[in-house]
Each structure stands twice: as structure tokens, then as C-alpha cells.
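Enquirer:
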Amino acid sequence: MKRQLPLLIVLVVGIFAAAAFLIPHPIVRSVDEVFRNDVLRIIAAFSLVLGVGSILRHHFIKIKRKAAHWPFSYITIVALFISAIIGLLGGIDPNRPGILPTQVGGFSFHIQTLFSNIMVPLAATMFALLAFFMASAAYRAFRARNFEATLLLAAAFILMLGAVPLTRIVIPPLPDFAEWILAVPNTAAKRGIGFGVSLGIFATSLKILLGIERGWLGGGGS
Amino acid sequence: MNIANPLTPEGIWVWVAAILTMAVFSFLYRENPFYRFAEHLFVGIANGYAITFYWHRILVPYLFSPVSQGQKLYLIPIAMIGALYFTRFIPKVSWLVRFPIAIALGYGAGASIPRSVDATIIQQLKATIVTRASFADWQQGVWAVIILLGVICTISYFFFSSERKGLLKPISYVGVVFIMVGFGASFGYTVMARISLFIGRLQFLLGDWLGLIR
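If you read the protein sequences in the order shown, they are chains A and B.
So for the first sequence, the numbering used here puts the first residue at 1095; every next one is plus one.
So for the second sequence, the numbering used here puts the first residue at 14; every next one is plus one.
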């Protein structure tokens, strides 16, 4: 019951999902549509519980054990609760306010305001930060030690230069060459790798459906 | 110089965004409390926003609204299965979490089999095969031949069923050349994407916040 039933559900649902793609019958298609649009969407929404629950548990344990940098865990917990309350009670659409007023005078603290002024700048800056670390990591990892590494560096360098508007004035053919690298050798390599990836997805999916891959069952209850 | 006024409703948020941007950039010097504050704040707000999004954009319109109007009543047991995710945190019944996972995983695995074969094998093979039509423009025809050779060589590099000797050795080496150029192109593109984000942040700091540029 604890292991066999979930494995059976995976098999049955998986066979239906695969068959629905291959059988163009209207009934099969409409059941598949209900499955994708209603069932999976709702189950996926509930799966957020796992993520949020794990984060909260991690930070509560950190505070309880007074682990390294534990005071910062309060920031995550407080920010999570405040933004969730503002969002749940204040609504997600600024034009359709919820039961919680999210504007005091001209000052708005609507969830979309928090999104635009806290999440977007933080996410953009974190990714921007990666430019520096990628550059230094690349220098260490790909120093032109042999012909292959030189090729990688040259392709990356040409691509980067090709994306700079000034290059079209200084070295006119370079942006077109960069485009060619993307369209021809890059496509060939990506397609070759893609075939392997696709076969890997096929094999892994089959292993999950047939119950050979059972890592997702986790521990607890056999 | 026209610094954003922190006493106006819009100005406060510009200052908040600017201070948080600086806090994240401070990591370039070394890990410090300002960066850690910004990092933890980001995780908290991102999760709060995700809760809001799933509630208002999925659970309310696709579950609560139709069910409260007496429509799609079959969603009630589905919601109950979804709610089994909560059991993950109750050790005695934590195994019940396997049921919603089984449905999502089973559908994902089953749906990906024909779709991945169709999209990344059949359609890509169709695009790779060189036909007479490929030479309608001779230059495009040459590029199509190079792509075909590149794909064959790249695949041969991942052929591990026999020792790399004879004809396989030079072919797989050409595959390495294609792979390296492909990785280099991806790497260059990713770095440029990050740099454009960096430029965006600088424009915000120097323009919206400090008013030094327009």
C-alpha cells in the first residue's frame, strides 16, 4: 500500500499521458486537457507547501540551534509572512484591491510594489553579480592550455564582441561571424548533445514509470 | 545631479531598491552582513510572492471559484490529494505525500516520453537531414552540410560502446571541436546576458537614484 500503490499510480497516469499524445481521439484529448489544466495545476499549487515548509523548518531549526548567522533567519521568516499576508489579503492585482488596504496616502506597499522594488532589483543584481564570478571562474578553468580550450575561449570572445554595438563599426564582419557561429557550429553541437539528452529523458522516464527508479518515494514507511 | 527624493512615495522605493542593489554588490568585496541581509530578504519575499501567486492565480480561479459555484466538483478529491503534501511534515503519515507526487511525476514522465522523442529527436533529425531543397540557396546548403557533419561528429564523441580508434578517433575529435565552439558560444552569450543586467543596474543607480544620467 505505502509503496506499491504510488508506483501503480505513476504507471497508470504515465501510460495515459504518453498515450494521450499519440491518440487524437476527442475524448482522450478532453480528459488529457482536464488533467493538465485542472488536476496537475491544483496539485502543483499545493506542492508549494513542500518548498515553503522546508524553508521555514530550516530557518526555525537554525534559530533554535543558534547556528551560524542565525539572526538573519528572522529576516527570511518575517519577510515571508509579511509579504504573504500583504499578498493574500491585499490581492495580486493593483486594480482589484483585496480586504487589506495596501496604500497609505500616495505610498503603496502592494505585493506588486514589493515585487517591482525589492524582488526585481535583488534578482537582477544577483544575476549581474554572476558576470564577475563567471569571468574569473572562466579565466581559471579555461585558460588556453590546449587547442580545444583555445577554441572555447575564441568562440566566447567572438560572441561577446559580436554583441557589442561598437564592434559593427570597428570590425564590421565580426557580428555576422558571431551570428554564423551561433547558427551553424553551435547548432550542430547542440543538436548532437540534444539527441543524447532526449534519449536520457526517455530512459529516465521509462525507469520512473516502470518503478525501477524509486528515489522519489523517499524514506519513511516501507 | 537630481537624486531621488526619499520623502516622496516613489522616491522611498527607489532608495530601497538602490540600497538593496548596493548591498548585493558589496559581495564583490567579501561576504558581509549587508549582503546576507539582502539575500535573506530576497528568499523571504520571493516565497511570500509565490504563495500569493499560487493563491490568487491558481487556487482561487481554478479551484475555489468553480467549486463554490457548484461546478467542477471532481476537483474536491483532487484538492484533497493535493493537500496530502502537508503530511510531509507529520512523520507518522509522511508516506501519504507520495500520492500527489505520484500523479505529478507519473504525468510528467509519461508526457515527456513522446514529446521529447518528437521534439528533440524526430523534428531535429528532420531539420538536420540535407535534401535538394537545402541547396535552394547554395550558401545555406553548405551550412546545412556543415551542420549535418557536426551533428554526426558530436554524436560519435558520445559513442562509448567501442574503443576510440580507427575512423572513430578523428571523427570524434572533430566532434570535440564542434562541442567546444558550441560551449564557448553558450558561455559568451550567458556572460553577455549577465553584463546587460549589470548595465541595467548601473543605469538604475546612476539614473533613477542619483540622477546623473538620463
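Beta carbons: idealized from backbone N, C-alpha and C, even for Gly.
Going residue by residue through the stretch 26-83 of chain B, where are the continuous alpha helix (DSSP H) segments of at least 4 residues, counting only ones entirely within it?
Expert: 46-67, 78-81
Enquirer: Comparing alpha-carbon positions, which option in B:Leu215, B:Val189, B:Leu72 lies nearest Asn1240 (chain A)?
Expert: B:Val189
Enquirer: With 16 other CB atoms within 10 Å as the buried threshold, where does Ala115 (chain B) fall?
Expert: buried
Enquirer: What number of angstroms, rounded off, separates the C-alpha of Ile212 (chain B) from the C-alpha of Pro127 (chain B)?
Expert: In a straight line, the C-alpha of Ile212 (chain B) is about 42 Å away from that of Pro127 (chain B).
Enquirer: At 9 Å on the CB atoms, spell out the chain B contacts of Asp1270 (chain A), in chain order.
Expert: What Asp1270 (chain A) touches in chain B: nothing, since even the nearest Cβ is about 12 Å away.
Enquirer: Between Phe1166 (chain A) and chain B, is any beta-carbon pair separated by less than 8 Å?
Expert: yes
Enquirer: May I ask you to list the residues that DSSP assigns as paired with Gln1403 (chain A)?
Expert: Because chain A spans 1095 through 1316 in this model, residue 1403 (chain A) falls outside it and cannot be assessed.
Enquirer: Pop quiz: Ala59 (chain B) and Val37 (chain B) are said to be a contact at Cβ under 8 Å. What is the actual Cβ separation, rounded to whole angstroms?
Expert: So it is not a contact: roughly 14 Å between Cβ atoms.
Enquirer: Return the first residue and the last residue of the alpha helix (DSSP H) that Trp156 (chain B) is part of.
Expert: 151-170
Enquirer: Would you kindly report the start and end of the unbroken alpha helix (DSSP H) that includes Arg111 (chain B)?
Expert: 111-130
Enquirer: Just tell me which of B:Ile71, B:Ala149, B:Thr21 has its CA closest to the CA of Ile1137 (chain A).
Expert: B:Ile71
Enquirer: Run through chain D and tell me which residues come within less than 7 Å of Arg111 (chain B), C-beta to C-beta.
Expert: The structure shown contains no chain D; its protein chains are A and B.
Enquirer: Out of B:Ser125, B:Val27, B:Gly201, which one is the CA nearest neighbour of Ile1295 (chain A)?
Expert: Nearest option by C-alpha distance: B:Ser125.
Enquirer: Does the ligand NAD have even one heavy atom less than 7 Å from the beta-carbon of Val164 (chain B)?
Expert: Ligands are entirely absent from the displayed structure, and the ligand NAD is therefore not among its contents.
Enquirer: Apply the 10 Å Cβ neighbour rule to Leu86 (chain B) and answer buried if 16 or more other Cβ atoms are within range, or exposed otherwise.
Expert: exposed
Enquirer: Measure from the alpha carbon of Ala30 (chain B) to the alpha carbon of each residue in A:Gln1098, A:Thr1219, A:Ala1112, A:Val1133, then state which is nearest.
Expert: A:Thr1219
Enquirer: Are the beta-carbon atoms belonging to Gly1147 (chain A) and Leu1303 (chain A) less than 8 Å from one another?
Expert: no
Enquirer: Can you confirm whether the stretch 1212-1227 of chain A touches the stretch 156-172 of chain B when touching is taken to mean that 3 or more C-beta pairs between the two stretches lie within less than 8 Å?
Expert: Under the Cβ criterion (8 Å, minimum of three pairs), the stretch 156-172 of chain B does not count as touching the stretch 1212-1227 of chain A.
Enquirer: So, does the CB of Tyr62 (chain B) fall closer than 8 Å to a CB anywhere in chain A?
Expert: yes
Enquirer: Please check if any C-beta of chain A sits within less than 8 Å of the C-beta of Tyr42 (chain B).
Expert: no
Enquirer: In whole angstroms, what separates the C-alpha of Ile142 (chain B) from that of Ile1169 (chain A)?
Expert: Approximately 56 Å, taken between the alpha carbons.
Enquirer: So Ala1114 (chain A) and Arg1123 (chain A) are in contact, right, with Cβ under 8 Å, and what is the actual spacing, rounded?
Expert: 7 Å
Enquirer: Quick check on His1119 (chain A) - is its C-beta less than 8 Å from some C-beta in chain B?
Expert: no
Enquirer: State the DSSP-derived secondary structure class of Val143 (chain B), mapped to helix, strand or coil.
Expert: Annotated three-state conformation of Val143 (chain B) is coil, per DSSP.
Enquirer: One question on the structure: do Thr65 (chain B) and Ile1205 (chain A) come within less than 8 Å of each other, judged by their Cβ atoms?
Expert: yes
Enquirer: Is the Cβ-Cβ distance between Leu1099 (chain A) and Tyr120 (chain B) less than 8 Å?
Expert: It is not a contact, given that the beta carbons lie outside the stated cut-off.
Enquirer: I'd like to know whether the C-beta atoms of Ala1272 (chain A) and Gly1256 (chain A) end up nearer to each other than 8 Å.
Expert: Against a cut-off of 8 Å, the Cβ pair of Gly1256 (chain A) and Ala1272 (chain A) comes out as a contact.
Enquirer: Residues in its own chain within less than 8 Å of Phe112 (chain B) by CB, not counting five upstream and five downstream?
Expert: Ile94, Leu97
Enquirer: Which term fits His1163 (chain A), buried or exposed, when burial requires 16 or more other beta carbons within 10 angstroms of its beta carbon?
Expert: Burial call: exposed.
Enquirer: If you pair each beta-carbon of the stretch 1149-1158 of chain A with each one of the stretch 1170-1179 of chain A, do three or more pairs fall below 8 Å?
Expert: The stretch 1149-1158 of chain A is in contact with the stretch 1170-1179 of chain A.
Enquirer: First and last residue of the alpha helix (DSSP H) that includes His1153 (chain A)?
Expert: 1142-1159
Enquirer: Round the Cβ separation of Ser1167 (chain A) and Leu1208 (chain A) to the nearest angstrom and send it over; I've been treating them as touching at under 8 Å.
Expert: About 20 Å separates the two Cβ atoms, so there is no contact after all.
Enquirer: Which residues in chain A sit within 9 Å of Ile126 (chain B), going by Cβ to Cβ distance?
Expert: Gly1108, Ala1111, Ala1112, Phe1115, Ile1295, Phe1296, Ser1299, Leu1300, Leu1303
Enquirer: So, with DSSP's three-state summary, where would you put Met205 (chain B)?
Expert: helix
Enquirer: Let me know the secondary structure DSSP gives Ser1299 (chain A) once reduced to three states.
Expert: helix
Enquirer: With DSSP as the reference, label Asp1270 (chain A) as helix, strand or coil.
Expert: helix
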